[in-house]
Structures are given as structure tokens and as C-alpha cells.
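Reviewing the structure listed below.
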Amino acid sequence: MRKIKILLALFVMCLSIQSNAQKVFSTKAGQILFNATGSAVKIAAVNNQVDSKFGEATGQIIFAVLIKGFKFENQLMEDHFNENYMESSKFPKAEFKGYIKNIKEVNFSKDGKYTANFEGDLMIHGINKKVSASGQVEVAQGKPTIIGEFSVKLADYGIKGSYIGDKIAGEVKIKINCKYQN
Amino acid sequence: MQIKTLVFIVSTLLLGQQVNAQNVDLFAEEKGPISDITTSTFKSTRIVNGQSIENTGAGILDFRISHRFGALSQGSYSLFGLDQATMRIGLDYGITKRLMIGIGRSTYEKQYDGFVKLKIIQQQEGERSIPLGISYVGSSIYKTMKNPSTIYKPYASDRFSFAHQLLIASKINDYFSIQLSPTLVHYNLVDSAKIPNDFKSLGVSSRIRISKRVNITTEYFHRFDKLAGYYNPLSLGFDIETGGHVFQLHVSNSTGMTERTFINETTGSWGKGDLCFGFNIVRTFTIRKSKELRNVKW
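Protein chains in written order, with this note's numbering: chain W, 10 to 191; chain V, 801 to 1098.
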């Protein structure tokens, strides 16, 4: 009986250790840049209020961003972006929900750079698409920073306009830089 | 002994479950409503002549040229008013997101004007829901035209007039916005003792979006206190958005561009065909980049 008890206790301890290891890193001040420069005029914006969380054990990761939070150097461009292209009053948010597939390869207790493979659903302009991209997890003093770069075809997300493909690039480059707190 | 074991197993199971609960499903987390401040209620800081609830962004300088031709009723001899022109050149600057200032010079009466516009309440949805926005505009107008009268030499203060406006605006949806502008105009000097110094009026303006880049605007001021011989101003305009500019074209029975002039001293009448063609052109300069845009590595 005692043996069983000890075994049970050990089993439960193991279980709880495993579960406890699920740490959630989060930030509300991540950065996303995009560049949609087609021809001469620079069309680029920044958003410094990216809301992101990821679980250390599961690799589950979320990025959420308010479309209206994108800042352009040209205010009129920002208005056009919101009103004519992104329709941000109808679709206020863009979101990525997915997984860091190789999360196990990242050692959060050791400083360094690790390659990370992302896979999941990207929702922009109300349209969901499966995407995958690779980026980097940089660990410094136990705090991870995720850096990534990928591109998005506007047509895939139903974003239309006569300037797309000319002044506005059909494929938009997106850069992510999120520094997480514990 | 058996009961003890049972209790042990159950309690460890519970513990296990509790611990397991820490393994949160991040996807399932609910987010509260997001605060969303309404933008683009109007396309420009002016509707036609009057101020709209829009401000220039923080650190943005607008160079604005407003041009009004003469009345259509002048006939072919003056090429339907195109021979005549009044204009105002102005500079507007956004100090913060909510506060802007501007100065200008009009050919009419050789006026200088300056104004302050402050967003008091901003229309928003989400966390807090406010269906309308309220701004205050205070402007002063100084006329420098030499006074032909020799009977009385005016003081400098006599050349001033002031306008106070509340702008109450609501963007009903992406296609329609409306604004009410209760206005008080004060003249430091009027022509005779019988004429009051203060004039109340109410402006009603709207924007209708007809395509991605074209909006129709209307602007009407109803005067409660009237100067004899003048009409209520009614204007109809098109806001056309091109690359980096908003181009405003309009017809109006007014040729004035400062509050006191276009609200209280509109000489034209729609009924008599005194329609004047006019346009506003704005060139935007970024003087100070917003915090978000500084130190960005593109």
C-alpha cells in the first residue's frame, strides 16, 4: 500500500512539475512595421502596441493588433489606409493565432538566438488564412524577444484598391519585434 | 486505512487538476471591448468655409489656400464671376492630437485672423461609447483696411471681431457625418448704436461619401441675429482626395472665409443666382514626427 502511495505521489509530482513549467510570456508593447511601397512614395507604418502572448510549454502564440494603431508619417495616408483599404471600423483588429512548432528547441534559461518556426492562422481584414513563417527567438536574461519578417499578399485578404500593384505594393513586407516580460 | 488512501488519491487528483489549469489555452482567452476613437468624421479641418471637428495631427503643418471667385450672376462680361477673386492664405498647426492653432490673411477687408481649436470630447466606441464629439473654436479677426471715414478715427481694438463656436459632430456611419455649430460672433465696433455687438447663429453641416475618394459636403448657417441686407450662407462642396491632398471644390453664396464674414456678411443670395465658385487646396508638411515614428528602423 505504502509503495503504491509513494508511486502515486511521485506521479502527481511529475505531473505538477510538468504543468508548472508552462510559463506565459506577454507584452502589450510589441512592434509591427509594414512596408507597402510600390513606386516612388514611401508607404510604411508602425504600430507599437502589439499585444502578444506565448506559452513556453505549448508553443501557443498570439499576436493581436489594432488597425487604427498603425501610424504613418502622412496623416492622409493613414486615413486612406483605415477608410479605403483596411476598413478598420468594420475590421478593427488583425490577429495571428498559432504555434511555435519547434518551441522545445528554445532554451529559455540560456541566452542566445534560436530559430523559430511559426504556423497558424493570420486574420486580416476579416479573412483567415493559414500561414507559416520562420523567425527568431532571442533570449537575454530569461526574457525572450521574437523577431520575424514575412510578407502578405493583399489580394489574399480581400484588400482592394486601384493603387494596389502600382503605388502600393501587391505584396506587403511585415516586420515584427516583440520583447516579452515574464 | 482504505478511506485515508481514497482521500489521498482524490486530493492529489484535485491538486493535479488545479495544476493542470495553469496550462491555459491562450486562444480561448476573451478580450474586453477595445476603445476606438472615431476618425475621418470630415475629410478636412474645414467643411467649406466653416471649421469641422477635424484637427491637423500633432506636429503637422497645413498650408492652406482658399480661393473664391465672384458671383455667377455677374454674367459673361465678368466671365460669370471668374474675373473677381478673394482669397485667404493660412497656416494651421497641430500642437497636440487635440489642440491646433492657425493664422491667416484674407484679401477681404485685408483681414488677419487667428484661431484655436480644441477637441473637448472625442466620439468613440468600445470601452466607452460616446456617440458624438465636441470641439471648441475661438477665433479673432483683425481688419487692417484703412477706414475711409474722417469723422472718427478708430482705435486698434475697434478693428477686432471675435467668434466662438462649439462644434458638435457625429459620424453616423462610414458614409454620413453631421455637425452642428452654434456660433457667437462679437464685433468690437458696429456701424450704429442700434446694431447689437453680438450675433448668434447655428451652423448645420454634413458630409456624404459617394465613393472612396469623393465626398459631398453641405454647410448652412442660420442667423438668429441679423445684420440687414445680408443672407444666410449656404454652400455645397466636393471633397476630392488625391494622393496626398484633399481638394475641396464648392459653390456658395458667400465669398468670405473668416467666421464673421461668411456667417454675418454674406452678400449673395441663392435666389438671385449669386453663386460663387471656390476651392481650398491644402499642402501638408510634417514638422515634428510623432513619438511612435521616431527611432523606427524601417
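In this text, a Cβ means the ideal position worked out from N, Cα and C, and glycines have one as well.
**Q.** Contacting positions in the segment 1012-1043 of chain V - beta carbon closer than 9 angstroms to chain W
**A.** Lys1012, Arg1013, Glu1041, Gly1043
**Q.** Where Val916/V meets chain W, residues with beta-carbon distance less than 8 angstroms
**A.** Residues of chain W passing the Cβ test: none, with the nearest at roughly 20 angstroms.
**Q.** CB contact below 8 angstroms: Ser48/W versus chain V
**A.** no
Q. Going along the chain, which residues of its own chain have a beta-carbon closer than 8 angstroms to the beta-carbon of Gly769/V, five neighbours each way excluded?
A. Because chain V is modelled from 801 through 1098, residue 769/V falls outside the range shown and cannot be assessed.
Q: Sort His89/W, Lys106/W, Asp60/W by Cα distance to Ala142/W and report the nearest one.
A: Lys106/W
Q) On the premise that Gly1003/V lies in contact with Gly850/V, defined as a C-beta separation below 8 angstroms, what is that separation, rounded to the nearest angstrom? A) 6 angstroms
Q | Three-state secondary structure assigned by DSSP to Met95/W | A | coil
Q: Quick one: which unbroken alpha helix (DSSP H) runs of 4-plus residues sit fully inside the segment 137-167 of chain W? Chain order, please.
A: none
Q. Can you list the residues of chain W that Ser961/V reaches, using a CB-CB cut of under 9 angstroms?
A. Residues of chain W passing the Cβ test: none, with the nearest at roughly 32 angstroms.
Q. Would Leu163/W count as contacting chain V if we go by Cβ distances under 8 angstroms?
A. no
Q) What residue from Asn191/W, Thr46/W, Thr67/W, Phe79/W has the CA that sits closest to Gln58/W's CA? A) Phe79/W
Q) Could you give the distance in angstroms between the alpha-carbon of Lys119/W and the alpha-carbon of Met95/W? A) 41 angstroms
Q: Could you pull out every unbroken alpha helix (DSSP H) segment of at least 4 residues lying fully inside the segment 997-1055 of chain V, listed in chain order?
A: none
Q) Is DSSP giving Val819/V helix, strand or coil here? A) Residue confidence for Val819/V is low, a pLDDT of 47 falling below 50, so the modelled location carries little weight; the figure read from the coordinates is stated next. In the structure shown, Val819/V sits in a helix (DSSP, three-state: H, G or I).
Q) Along chain V, which residues have their Cβ under 9 angstroms away from the Cβ of Ile71/W? A) Leu826, Phe827, Glu829
Q: Please state whether DSSP places Phe1085/V in a helix, a strand or coil.
A: strand
Q. Closer than 8 angstroms, CB to CB, is Gly157/W near chain V or not?
A. no
Q. Would Arg1083/V pass as a contact of Glu1041/V if the rule is Cβ separation under 8 angstroms?
A. no
Q) Cβ of Val115/W within 8 angstroms of Cβ of Tyr123/W? A) yes
Q) Just to confirm, are Thr838/V and Gln924/V a CB contact at a threshold of 8 angstroms? A) yes
Q: Name, please, each residue of chain A whose Cβ falls closer than 8 angstroms to the Cβ of Gln84/W.
A: Among the protein chains of the structure shown, namely W and V, there is no chain A.
Q: Spell out whether any CB of chain V is found under 8 angstroms from the CB atom of Leu131/W.
A: no
Q | Glu180/W versus Arg1009/V - alpha carbon distance | A | 28 angstroms
Q: At 7 angstroms on the CB atoms, spell out the chain W contacts of Leu891/V, in chain order.
A: Near Leu891/V there are no residues of chain W at all, since even the closest Cβ is about 16 angstroms away, more than 7 angstroms.
Q.
Out of Asp958/V, Met887/V, Arg928/V, which one is the CA nearest neighbour of Asp836/V?
A. Arg928/V
**Q.** Proximal residues of chain W, C-beta to C-beta of Ser840/V below 8 angstroms
**A.** Asp88, Asn91, Glu92
**Q.** Option in Ile185/W, Gln190/W, Ser61/W with minimal Cα separation from Ala54/W
**A.** Ile185/W
Q | Spatially closest choice to Ile865/V from Gln922/V, Pro982/V, Arg1007/V, Val848/V, by CA coordinates | A | Val848/V
(Q) Pop quiz: Leu918/V and Leu899/V are said to be a contact at Cβ under 8 angstroms. What is the actual Cβ separation, rounded to whole angstroms? (A) 5 angstroms
Q: State the DSSP-derived secondary structure class of Phe79/W, mapped to helix, strand or coil.
A: coil
Q) Within 10 angstroms of its Cβ, does Phe863/V collect 16 or more other Cβ (buried), or is it exposed? A) exposed
Q. Below 8 angstroms between beta carbons: does that hold for Lys910/V and Met945/V?
A. yes
Q. Do Ala969/V and Ile1081/V have their C-beta atoms within less than 8 angstroms of each other?
A. no
**Q.** Neighbourhood of Thr907/V by C-beta distance below 7 angstroms, restricted to the same chain and skipping five residues each side
**A.** Thr886, Met887
**Q.** chain W contact for Glu1059/V (CB, 8 angstroms cutoff)
**A.** no
Q.
Using the Cβ count rule (16 or more neighbours within 10 Å means buried), how would you classify Lys796/V?
A. The displayed coordinates of chain V run from 801 to 1098. Any statement about residue 796/V would go beyond what the structure contains.
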